[in-house]
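Under UniProt numbering, residue 176 is the last one in the sequence shown; the count climbs by one each step, no gaps. The C-beta atom is built at its ideal place from N, Cα and C for all residues, glycine as well. Heads up: the structure comes next, in structure tokens.
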Amino acid sequence: MLAVVTGGAGYIGGHLVDYLLEKGYEVEVYDNFSSGNYKNEKAKYHIVDLSKDKFDFPKGSMVFHLAANPDVRSSMLDIKGHYENDVTATLNVLEAARKSDAEHVIFSSSSTVYGEAEMIPTPESAPLRPISYYGLFKMFGESLVEFYSRNYSTKGTSLRLANVIGGRTSHGIIVD
Numbered sequence: 001m002l003a004v005v006t007g008g009a010g011y012i013g014g015h016l017v018d019y020l021l022e023k024g025y026e027v028e029v030y031d032n033f034s035s036g037n038y039k040n041e042k043a044k045y046h047i048v049d050l051s052k053d054k055f056d057f058p059k060g061s062m063v064f065h066l067a068a069n070p071d072v073r074s075s076m077l078d079i080k081g082h083y084e085n086d087v088t089a090t091l092n093v094l095e096a097a098r099k100s101d102a103e104h105v106i107f108s109s110s111s112t113v114y115g116e117a118e119m120i121p122t123p124e125s126a127p128l129r130p131i132s133y134y135g136l137f138k139m140f141g142e143s144l145v146e147f148y149s150r151n152y153s154t155k156g157t158s159l160r161l162a163n164v165i166g167g168r169t170s171h172g173i174i175v176d
């Protein structure tokens, strides 16, 4: 089976690439290497700006869309840049998935869509009230995935990740 991982050079994406390869998938990574530089020599890499470049996915692949600018604070300063990198790129990924008859698109969203959650752990049914452009744009991405899943033949799933940390991480932590 073939898997496409956008953002596969990043922290979460790199771990996903390793896992998929271990499970016997053929993996192709689409990344601009702006916030990650991880490479697994068993995967095929495409250097691409998902918000601007023209690209196609292999027919019938499973698409894991993890590419995004992970810096929540900078989303408040570079709104248009984050919009392009997060919303426009997601739309382009969904179009490439649709045109390639992708089996499934799995979108990496974020718990930031909840804003200041009133309940921890936060149930999926909690109101979406993002307080950053990062959270707002992840919410837009979820809506795009749902729209494409409802209107085209590609199945879509959004995962709201929260506070992901572990080996090889280099963003948003203090290392002592």
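Can you grab the Cα-Cα spacing for the pair L50 / P70, in whole Å? 15 angstroms
Classification of S109 by the beta-carbon crowding that lies within 10 angstroms, buried from 16 upward: buried
Rank K39, V87, G135 and L2 by C-alpha distance to the C-alpha of Y25 and give the top, closest one. L2
On the three-state DSSP scale, how would you describe R129? coil
With distances taken from CA atoms, which of P127, G156, T112 and L136 is nearest K80? L136
Whole angstroms are fine: how far does the CA of Y45 sit from the CA of G36? 13 angstroms
Cα separation between F140 and T154? 18 angstroms
Span of the beta strand (DSSP E) holding I165? Per DSSP, I165 belongs to no beta strand (DSSP E) and is neither H nor E.
Return the CA-CA distance between V27 and S100, expressed in angstroms with no decimal places. 16 angstroms
A126 vs Y134 beta-carbon contact at 7 angstroms: no
Among S143, V48 and N40, the one whose alpha carbon lies nearest that of residue 177: Absent from the model: residue 177. The displayed extent of the chain is 1 to 176, so no value can be given.
Output needed for L20: all residues of its chain with C-beta closer than 6 angstroms, excluding positions within five of it in sequence on either side, in chain order. A3 and V27
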